[in-house]
Structure formats: C-alpha cells, structure tokens
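Asks:
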Amino acid sequence: TFLATLGVSAKHGLDMNSVCVPRKAREAIGALCELSHADGRKIIASVEYNQLEPLLRDAGAGADTNDKRTGFSPFPGNINKLVLSLPAYVAALAQSHGELPEFVNPKYAEGANGESSSAFK
Numbered sequence: 079t080f081l082a083t084l085g086v087s088a089k090h091g092l093d094m095n096s097v098c099v100p101r102k103a104r105e106a107i108g109a110l111c112e113l114s115h116a117d118g119r120k121i122i123a124s125v126e127y128n129q130l131e132p133l134l135r136d137a138g139a140g141a142d143t144n145d146k147r148t149g150f151s152p153f154p155g156n157i158n159k160l161v162l163s164l165p166a167y168v169a170a171l172a173q174s175h176g177e178l179p180e181f182v183n184p185k186y187a188e189g190a191n192g193e194s195s196s197a198f199k
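So my numbering is basically just the index in the sequence shown, starting at one, shifted up by 78.
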C-alpha cells in the first residue's frame, strides 16, 4: 500500500498524501472526511469514529451507513500514514523554523457530552 501511495503521490506531484483503508460504518477507526465551512472553504480532516455520527447528525447528513453496492462506509478509515514531498516539507520547516502549534487529540467517551475517555495525547 505504501509503495502504491508513493507512486501515486509522485505521479500527481502531491506535496502531501494520506493513506486510508475501506471502513465499515461505525467501525472504531477515525474517518477521513471533507468538511465544508460556511464561507465555502473545504478541508480534509480525520474525524474520531465516535464523533462522526454526531457530526453527521448535526450537519443534517443522516448517519454513517454502509454503501449498498460496496458494503463500506463512504468515509474511509485513517491509518495515519503520510507521504510528504521532501522539498515542500523542507520549505515548510524553513518557514516555520521547525515549530508547530501545540495541539491535543482528545478521545471522547461515546454518548458523553465532552467527557474524555482517556488521557489526552
């Protein structure tokens, strides 16, 4: 999978690419989703599996259900494998001086309103 992703990334001149896998609806793996802002901006982001259903409901998009034809969710699973173009990565490091803003990746308890299920990472 990784070599195929590397080849596709090179062929299309991608600065960054992410590997994903087919995912069943409600499977306990983060889902890659295209999120749209009210102003029209769009981003691809990984949404924690236990936050996907509430996000879809709040957006009026229904539920995470398997496609009848493929048997998989329309939201592929994020396996946290990234391919980065070295020149683009070096340029980003030079611009940021290698600094990244701090962030946390909380794991929320299912059904709990904002209550974490484990220590922050």
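Glycine included, each C-beta is placed from N, C-alpha and C at the ideal position.
Between the C-alpha atoms of D136 and Q129, what's the straight-line distance to the nearest angstrom?
Replies: For the purposes of this step, residue 136 is taken as residue 58 along the sequence shown, with counting starting at 1. For the purposes of this step, residue 129 is taken as residue 51 along the sequence shown, with counting starting at 1. For the pair D136 and Q129, the Cα-to-Cα distance works out to about 11 Å.
Asks: Output yes or no for whether 8 Å exceeds the beta carbon distance between L133 and A141.
Replies: Residue mapping note: residue 133 aligns to position 55 of the sequence shown, counting from 1. Residue mapping note: residue 141 aligns to position 63 of the sequence shown, counting from 1. No, the pair does not count as a contact, with Cβ atoms beyond the cut-off.
Asks: Please classify E127: is it buried, with 16 or more other beta-carbons within 10 angstroms of its beta-carbon, or exposed?
Replies: Numbered from its first residue, the sequence shown carries residue 127 at position 49. Looking at the sequence shown, residue 127 is not Glu but Tyr. With 16 or more Cβ atoms within 10 Å of its Cβ, Y127 is classed as buried.
Asks: I'd like the list of long-range same chain contacts for E120, defined as Cβ closer than 6 Å, with 5 residues on each side in sequence excluded.
Replies: Translated into positions along the sequence shown, residue 120 becomes position 42. Residue identity differs from the one stated: residue 120 is Lys in this sequence, not Glu. E112, S114, listed in sequence order.
Asks: Indicate whether N144 and F150 have their beta-carbon atoms separated by less than 8 Å.
Replies: One-based indexing of the sequence shown puts residue 144 at position 66. One-based indexing of the sequence shown puts residue 150 at position 72. Going by C-beta atoms, N144 is nearer than 8 Å to F150.
Asks: Starting from the C-beta of F153, find all residues in its chain whose C-beta is less than 8 Å away, skip the five residues before and the five after it, and write them out in chain order.
Replies: Your numbering for residue 153 matches position 75 in the sequence shown. These residues qualify, in order along the chain: R101, A109, L110, C111, V125, L130, D142.
Asks: Report the option in L171, E177, P165, C98 whose CA atom is closest to the CA atom of T79.
Replies: Within the sequence shown, numbered from 1, the residue matching residue 79 stands at position 1. Considering only L171, E177, P165, C98, the residue with the shortest C-alpha distance to T79 is C98.
Asks: For a test of the three-state rule: what should DSSP assign to K159, helix, strand or coil?
Replies: Taking the sequence shown and counting its residues from 1, the one referred to as residue 159 is at position 81. Strand at K159.
Asks: Find the nearest neighbour of G91 within the set Q173, L81, A166, G118, judged by alpha-carbon distance.
Replies: Counting from 1 along the sequence shown, the entry for residue 91 is found at position 13. With distances taken between Cα atoms, G91 lies closest to A166.
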